[in-house]
Amino acid sequence: MFDIRTAWRRLAARISGDTNQETIDAIEARNVSDSPAPATVTPAPTTVEATGADAVPAPAPSAPTTSGEAAPDDAPATRPARVISLGEVWVDIMMDVDSLPKSGGFAASRSTIPTIDGSYRALLASRLMGTPTAHAGIIGAGPWASMIRHAFYEHDIAHIGPDRLDIDTGFRLVLNDANGGKTFIATYGAEAQGGADTFDGVDLQPGDVVSISSNSLMDATAAGVDAFIRQSGSDPDARPYQIVLSPTSSLERVNDRLLEDLVLARPIWTCNRQAAVKLADRLGAPLDEVPVTVGGTFDNEMKALCDNLGTTLRAPLIIRAGARGAWVRLPGGEVTHVDGFPTKAVHKRSAGTVHTGVLCAMLAAGRSLVEATQVANAAASLSIEHSENGIPVPPARDEVLALVEHGATSEH
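Note that our numbering has the sequence shown beginning at 9, numbered continuously upward.
What follows is the structure, given as structure tokens:
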């Protein structure tokens, strides 16, 4: 059982200058005796060493110095801040059916649409905002991997992660029935075959924003995420880069040890209300009983949820609520409601990945968390408006900023 209080006691013992190793060991021993040992994150047995030239990132080109003079030959290479995703990317095959057939039955699809999913739309959303963007996850070799590589090339998204030449990237069958239900059937491939060293080659520079999505927390790649988080330390102010984490609503599939390490790293958390409630329940955060009525107490409920969960996490927190906008809390501060941009709901898939991608791009551009959230709200709204076959399409930078400016102007 995950215990948030024990996690914070352990962190305090490690960073306190007045506490010796015996005290740390005592806390560790007490935690072990009080609860079952958490399962360890181990890579899948089929994982092999990555091969290919792309396994190691190419050196970034030098950027001019702020004074306009050329950098000395011995100066380290610099580049604009990037958004780097540790998420997994795969292909979805979306099929519309009247109803799911019984075992041994038959159903005909009204339409079949292959589309790239996972962390791809977050990557694309960041790139369309004009921010250099890179994918540090694994891509395989085969038809599905080729589709992903082509999309990356077309949109100038760099792949800096390992290549697997012995297996294709996986795909998911997504069956949408006439009642609005979705059924998923997954075939995992190269993207899910990471290990503890998967992200060792990621070259981070000051100003970068690292995006960690829920899809890389629940399989063998989680070992790589855990290793990355552990070396990032527990003081976000000491990191020259920022970490943005999108937790899953399927938190029961996330390892206790990994969840503890994620909490102690204090990243920027961003999630929808459903995931926030599950995270609060998993961490034992208090949930105020605020009834939701037509009179508008939804706002009060969201504010209380954001305040209580943010206090437990001791980290920046964003909780999204679609057209209602988002609630933002900084450590030790008040909860701020950032208005959304209403749009007609015509989407079958969530716009949350677009929101996260634009949020990361704005943080890389030096915007505050509240400012970045406002721009991300606008981008998510536009992506739903531009949906193709029910899939939100990330908008271009100029359109997003124009909507933000129009919204700000219309308020006065």
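Don't be surprised by glycine CBs; every beta carbon is placed ideally from N, CA and C.
* If R129 sits next to G341, beta carbons under 8 Å apart, how far is it from one beta carbon to the other, in whole angstroms? -> That belief does not hold up - the Cβ atoms of R129 and G341 are roughly 30 Å apart, past 8 Å.
* Asked: From what residue to what residue does the beta strand (DSSP E) around T423 run?
  -> Given that the chain is displayed from residue 9 to residue 420, the structure contains no residue 423 and the question cannot be resolved.
* Assign T141 to one of three DSSP states: helix, strand, or coil. => strand
* Taking the alpha-carbon positions, what's the A388 to D208 distance? -> 32 Å
* To do: Could you check what DSSP says for T123 in three-state terms: helix, strand or coil?
  => strand
* **Residue span of the beta strand (DSSP E) that contains T191, given as start and end** => 190-195
* To do: Please classify G330: is it buried, with 16 or more other beta-carbons within 10 angstroms of its beta-carbon, or exposed?
  => buried
* Taking buried to mean at least 16 other C-beta atoms within 10 Å of its own C-beta, is H6 buried or exposed? -> Any question about residue 6 goes unanswered here, given that the chain covers just 9 to 420.
* To do: Assuming V97 contacts E199 (C-beta within less than 8 Å), just tell me the rounded distance between them.
  => 6 Å
* Alpha carbon to alpha carbon, what distance is there between T305 and A169? -> At residue 169 the sequence reads Gly, which differs from the Ala that was named. Their backbone Cα atoms lie some 45 Å apart in a straight line.
* Cβ-Cβ separation, M103 to V218 (assumed contact under 8 Å), whole Å -> Contact flag wrong, Cβ pair sits at about 34 Å.
* To do: State the start and end residues of the unbroken beta strand (DSSP E) segment that holds L253.
  => 250-254
* For S127, I'd like the list of residues in its chain whose CB is within less than 6 Å of its CB, leaving aside the five on either flank, ordered along the chain. => S93, G95, V97, S221
* Three or more C-beta pairs below 8 Å linking the segment 264-277 and the segment 245-253 -> yes
* Terminal residues of the alpha helix (DSSP H) in which I237 lies -> 230-240
* Measure the C-alpha to C-alpha separation of P400 and R322 and round it to an integer number of angstroms. => 32 Å
* To do: For the segment 237-246 and the segment 110-120, state whether three or more C-beta atom pairs, one from each stretch, are separated by less than 8 Å.
  => no
* May I ask you to verify whether the segment 309-326 touches the segment 284-296, counting CB pairs closer than 8 Å and requiring at least 3? => yes
* Nearest neighbour of S361, chosen from P402, Q213, P214, L272 [CA to CA] -> Reading off the sequence shown, one finds Thr at residue 361, where the question assumed Ser. Ranking P402, Q213, P214, L272 by Cα distance to T361 puts P402 first.
* From Q282, L313, I165, pick the residue whose C-alpha is nearest to that of S258; which is it? -> Q282
* Can you tell me whether L474 is buried or exposed, with buried defined as 16 or more other CB within 10 angstroms of its CB? -> One cannot answer for residue 474 here, as it falls past the ends of the chain, which runs 9 to 420.
* Skipping 5 residues on each side, what residues in its chain have a beta carbon closer than 7 Å to that of S391? -> A359, V362, P400, V401, P402, P403
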